Amino acid sequence: MSYSAAKNSQMQKKLRQEAKALLEQGKVDCIIGYEPGSLKHATTPLITKDKAATERLVINPFIVNNLSNFLPYTKGRIGIVAKGCDSRSIVSLIQDNKVKREDLFILGVPCSGLIDVSKVEALVGKYRDEIDDISRQGDIITVKVGAAKKEFSLSQVMFDNCLACELPTPAEYDVLLGEPTSPIGAAAESAGKLDELKAMTAAQRWAFWQNEFRRCTRCYACRNVCPACYCKRCFVDETEPQWLAPMPQEPDNLMFQIIRNLHVSGRCTDCGECERTCPVNIPLRALTRDMYDIVDELFEFKSGMDTKTQPLLTAYEVDEAEDLVK
Amino acid sequence: MTITDISHRKMFPARGNVYLPHMVVINKIIDEAPDVRTFHFNFKDKALSEKFTFESGQFGEFSVFGHGEAPFCISSSPTRPDHLECTVKRTGRLTNALHRLSVGAEIGFRGPYGNGFPLEELKGKNLVFVAGGIGLAPLRSLIWNVLDNREDYGKLDIVYGARSPADLVYKYDLASWQKDDRFNMAVTVDRGDEKWQGTVGFVPQVLEHVAPSAQDAVAVVCGPPIMIRFTFPVLDKLGFTSEQMITTLEKRMKCGIGKCGRCNIGNIYVCRDGPVFNYQQVMDLVSSEY
Amino acid sequence: MADSKKVRKEDLAGLLTEWSRDYAVLAPSRADGVARMAAWDGEDISFLDWYRNTINPVKSLFLPPVEEMFSISRNERGHRIELPPKDDTGCLVFGVRPCDARSLILLDVVFEDAYEDPYYLDRRRRSIVVGLCCTNPCDSCFCTSVDSGPAATAGMDIMFTDIGDNLLVEGISRKGKELVAGNATLAKATRTDENRARKIRLAAEKKITRKIDTGDSKERLLAVFEDESFWQQVSAKCVSCGVCTLLCPTCYCFDINDAMTGGEGSRCRSLDSCAFSSYTKMPMENPRADKWRRVRNKLCHKYEFYPMLFDNIACTGCGRCIRLCPVNWDITQVLDSLPAKHESKI
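Protein chains in written order, with this note's numbering: chain A, 8 to 333; chain B, 282 to 571; chain C, 15 to 360.
Structure representation (C-alpha cells):
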C-alpha cells in the first residue's frame, strides 16, 4: 500500500479513539505514544494517563522514538504505539521477561518509513527550523523552503534503517491501525557507509573508528535509548573492577561501543535509535547493522520477528557455527 | 537567617593548585572491625607536619594513586598532633585499594576541608555524643579534643552503639573512656554474642534510657542515616531544640571544594558549606535528599 | 557602538592570520562531522555562511571533556606527581555566540569561588573571546528570556557583527579594546555600518519567538519542589542520558579519576552529569536514584540553586538541550508549566 497523508490521518484518528477507549474502559493504566514536538518536523514521546491527552496523539513520518524503551520502567498495564521495528523490540523484551505480554495493548502502526530530517537538511542546505514543510505523497517527498520547492525520492530522505526495514507492519499487535505496508526494499541504498567500511583494510577501519570515537562525549544516549540496553547496572559503570575508564577518551570510547554492540547482539532490531540520537553524529549503525548481519549469517536469526522463535542467546544447537570467533 | 541564605558563607584564601595531594606515609594500621581499618599517617615532608592544622570534624581527600581519591574525616584530635588518623570502611574501589596497603605505603592527602565542629559554641556546654558504627570516627576527634581540654566543658555523655560487638570501633578508646570517671558512657549493640555482657539495644532507645538533660547541652550525632532519623525525635523528647543538635552529613563528596557538584543538597554543597550542620539547618535545606 | 571598527569579509582571513602570530586561533569548523571550535586552518572563513553554533559549547575549551590534572609515577622511593607542561600561549576563540560567551562569566564565578580552580582559570586568563553576533538564531533558542540575546556582549572581549560585505568590530573588554584599537586591518565604521548592524540585531532578536517568564521561576520552582507527582510527570520521557548536561554551556559537574598502568599514569578530570544515577551513588545509598529527583535537581540547579548562590540564572538559552535531546524534552515547556507561585517554603 502506498503512503498517503489521508490514510495517515485516518490512522491517527483511529489511534486517538482506541487510546481514549482503552483508558476509559480501564483496559490500560497509561498510553505511550507520540505527540507533536516543540521543534519543527519533530515529535516527542507522550506518556499519559489522561484521557484528554489522547487527542494530542499523532502518527506522521517523524515518529522516530522507539517507545518500547520505556516499557521496563513503566508500571501497570500499558497501551503502546508501535511501528514494525518497535514491535520487534517489544517482542524481544517480552522474551527477555522485561515486560509481560498480558500487560501490553499494542497499537500497531503499519509504517511506511520515517524521514531523516538531517538528510533533508543536507539536501537543501538548510537547518531543520529553516525548512517550512516536509510532506510525503506516495514515494515522493516534497520539501518547501520559502517559495522554493524540491522533490526527493524515498531513498534520498528516509532513515537508512527504514530503507533496510524488514518488518514495517508489526507482527505482534492487539489492534492494527491501518492496512499492512510493505518494506521499502532499498537496503542496498542504505548500506553506503557499511560498504565503504568493508572495502577498507582492517588498519584503515581501525583508524576510521578511532577518529570517529574521538569526539564521543560518553553521554550514553546510544545506550539509554536502546530497548535492548536495559541492564540495571551497565558494565561501564562498574568500579570494582573498572572495565573501562569512566571518561571520554580513546580507546575506551570505542571499546564501550564494541562491548555494548556485543551485549545487544541477537537482541538488536536495527531500529537505528543509537545513531539517530548521537549528538556528535558517530555512524553507530554501521557497527550495529554489521553485527545484525553477522548474527543473521551465522545463526539465521533476526530478533523480535515473532514471539515463537527462541531468543538467540537462549538457544544452542550442536551443529551451529563454530567458526564464531574469527 | 537560614542555611539557604549564603550571605555568611565561609570564604577561603587563594592558594596554589588545590588539587595537588601531599604525600603522606602510613605508619600504623589497626583492624577495628570487619572491613574497617584505622590508618595512622604522617606527612612525608616534616615541615608540613609542623605547619599542618585542622579542626575536629574536618575531612581530607585521600589518594591511592592509580585508584583515585575519596574524602574521609580525620578521626584523630588536633590536640594530639604527632600523627593523623582516619578510619575507613571497605566499600568500593578506593577503599579496597587503601585496605590492601601496608605500613610504609605512601598515599596522597589534601585538605583539611569543611567547616568542622563549632568548638567555640560548644565551650561551657554539657555535651552529649551519640554515635553509631563507624560514625564514631568524626566524633572521636571531637571527644579527644574535649577530653584534652576537659575544664572547658560541662557534663559529658557518650552513647555509642554498633550492630554487633565485633562492629564496635576504637575498642581501645572505649575501654579507656569507660574507666574515665570524668564522663558518663553507654555502649550498646543491636545484637550481642555469647561473650557480650553489656547493653543490648538500638542507640536511640539507649539514649532515651540514659536521658541526658537538655539544660545547657548540645548533642552531637553521627551514624547511619537510619540511626540519625530515630535519634532526633528522642532528643526532641528530651527537650533538645533543633539548634542544640549537631550532625555531620555524609554525602558523596568528590572534589572536597564545592565545585564538582555531586554533594549538593539544594543550593548547599556539603563539602564546602558543611559537613557539620545543626538540625535546624538540615530541616531548612531546600531538599530532603540528605 | 562608539569607536566601532569594521573589516571587509575578504580581509577576515588576513586579520585572523595576523592574530595567529600572537595567539592560537580557534574558529568554527565542521571538518570532522560536527560543528565545533577547532584550530583555525589559516584560510577557511566559510563558517560565516553555515555556522549557527557549535555542538560542544565553548566551555569545553576551558573545562575540557577530559584533562590530565597531573601525572603520577611510582618508584622505590614513593610517588612523583608532576603538573602538565605549562602552556603560556594565548588563545583567541573566534565566533563565540553570545549565549556561549555569557556561559563563561557564569562558570568563572564557580571556579573562582572559595578555592580557585587553576586549570579552568589559567585557560580563561590566557583567552580572548571574540564573539559573533547571532543573525540567524534557531527556533530552539530562548536567550532573550535569560538575560541574554543575539547581540548580548557579556563574556566577550570583542564582538563581530555580520553586516553584509563587512563585519562590524567592537572592543568590549579592556583587553578587547586594546586589541582592536591598534589594528591596522580594521577601518573605522561609518554611521551607516552601525545603523545596519542595529537593524540586523533587531531583526535577529525578533526571530527569537521562544519566550519564557523567568521573573519568578526561582519562587515557582521552590513552591513545587516537594511535589513528586509533578516531577514524575515532567521526567517521564527523559531517558537519563547526558546530552543536555554534557553539552550544556553552563553545566560544570565533573569527576576525578586515576588512570594508571604499571607505575605510570595520571589523574584526570572529566565532565560528569547529574542525569546519571551513578553520579550520586554512594557505597550504601543513592540520594538521587530516582529519575524524577535527577531531573528536578538539573532544572533547579539552573533556575533555583545557582541563582541563590550567584544571583544569575545558570542557563543562557542556547537551546542545545532542546535541539539535541533524543526525546525533545523541552526545558522551556517545563518552566512554562510550573504552577503559579503560591506559599513558598522560605
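By construction, the Cβ of each residue, glycine as well, lies at the ideal position given by its N, Cα and C atoms. Remember, it's a predicted structure, so these values are computed and weren't measured experimentally.
query, result
"Interface residues of chain A facing C147 of chain C [CB-CB closer than 8 Å]", "Residues of chain A passing the Cβ test: none, with the nearest at roughly 18 Å."
"Option nearest R240 of chain A by Cα separation, candidates C:K220, C:N311, C:D114, C:K295", "C:K295"
"Interface residues of the segment 526-541 of chain B facing chain C [CB-CB below 7 Å]", "R533, K535, C536, I538, G539, K540, C541"
"Buried or exposed by the 16-neighbour rule on C-beta atoms within 10 Å, applied to H490 of chain B", "exposed"
"Contact under 8 Å by Cβ, E318 of chain C with L235 of chain C", "yes"
"Pair within 8 Å by beta-carbon distance, D123 of chain A and F159 of chain A", "no"
"CB contact check: D272 of chain C to chain B, cutoff 8 Å", "yes"
"Classification of Q350 of chain A by the beta-carbon crowding that lies within 10 angstroms, buried from 16 upward", "Only positions 8 to 333 of chain A appear in the structure, and residue 350 of chain A is not among them; the question remains open."
"Every unbroken alpha helix (DSSP H) inside the segment 54-106 of chain A [4 residues or more]", "91-102"
"Straight-line Cα distance separating Q249 of chain A from G229 of chain C", "46 Å"
"Cα-Cα separation, V487 of chain B to L530 of chain B", "22 Å"
"Same chain, Cβ closer than 7 Å to W306 of chain C, five either side skipped, listed in chain order", "E242, W245, Q246, S249"
"Exposure of M282 of chain B, with buried meaning 16 or more beta-carbon neighbours within 10 Å", "Per-residue confidence for M282 of chain B stands at a pLDDT of 41, beneath the threshold of 50, marking its modelled position as unreliable; the derived number appears in the next sentence. Counting Cβ neighbours within 10 Å, M282 of chain B comes out exposed, since fewer than 16 surround it."
"Counterpart residues of I38 of chain A in DSSP-defined beta bridges", "A:T55, A:G86"
"Interface positions of the segment 422-450 of chain B facing chain C (Cβ-Cβ less than 9 Å), listed along the chain", "none"
"Neighbour flag for G47 of chain C against chain A, beta carbons, 8 Å", "yes"
"Distance between A289 of chain C and L64 of chain A (C-alpha atoms, nearest Å)", "27 Å"
"Residues that Q256 of chain A contacts on chain B, provided the C-beta gap is smaller than 8 Å", "Within chain B, no residue comes near Q256 of chain A; the closest Cβ sits about 15 Å away, beyond 8 Å."
"CB contact check: R374 of chain B to chain A, cutoff 8 Å", "yes"
"DSSP-derived helix/strand/coil call for S43 of chain C", "strand"
"Beta-carbon contacts of K156 of chain A that lie in its chain and below 8 Å, excluding the five residues immediately before and after", "T149, V150"
"Below-8 Å beta-carbon distance, F396 of chain B vs any chain A residue", "Note that residue 396 of chain B is Asn in the sequence shown, not Phe. So no, N396 of chain B is outside the interface."
"Rounded C-alpha distance that separates T204 of chain C from S254 of chain C", "51 Å"
"Proximal residues, the segment 306-326 of chain B versus chain C, C-beta separation under 9 Å", "V306, K325"
"Residue environment, P52 of chain A, which counts as buried when at least 16 other CB atoms sit within 10 Å", "buried"
"Per-residue contacts from N377 of chain B into chain A (C-beta, under 7 Å)", "E247"
"Among C:S284, C:Y293, C:D272, the one whose alpha carbon lies nearest that of C544 of chain B", "C:Y293"
"Secondary structure of E109 of chain A, DSSP reduced to three states", "helix"
"Pick from B:R463, B:P446, B:A418 that is closest to R431 of chain B, judged by C-alpha positions", "B:R463"
"Segments assigned beta strand (DSSP E), at least 3 residues, entirely inside the segment 15-79 of chain C", "19-22, 37-43, 50-53"
"I424 of chain B to D565 of chain B span [Cα, whole Å]", "27 Å"
"Buried versus exposed call for P70 of chain C [16 or more other C-beta atoms within 10 Å across all chains shown]", "In the sequence as displayed, the identity of residue 70 of chain C is Asn instead of Pro. Burial call: buried."
"Beta carbon of V333 of chain B nearer than 8 Å to that of C354 of chain B", "Per the sequence shown, residue 333 of chain B should be read as Phe rather than Val. Against a cut-off of 8 Å, the Cβ pair of C354 of chain B and F333 of chain B comes out as no contact."
"Residues bridged to E387 of chain B [DSSP beta-bridge criterion]", "B:V306"
"Nearest-angstrom Cα separation, counted from T376 of chain B out to T295 of chain A", "38 Å"
"Start-to-end residues for the beta strand (DSSP E) that takes in Y441 of chain B", "437-443"
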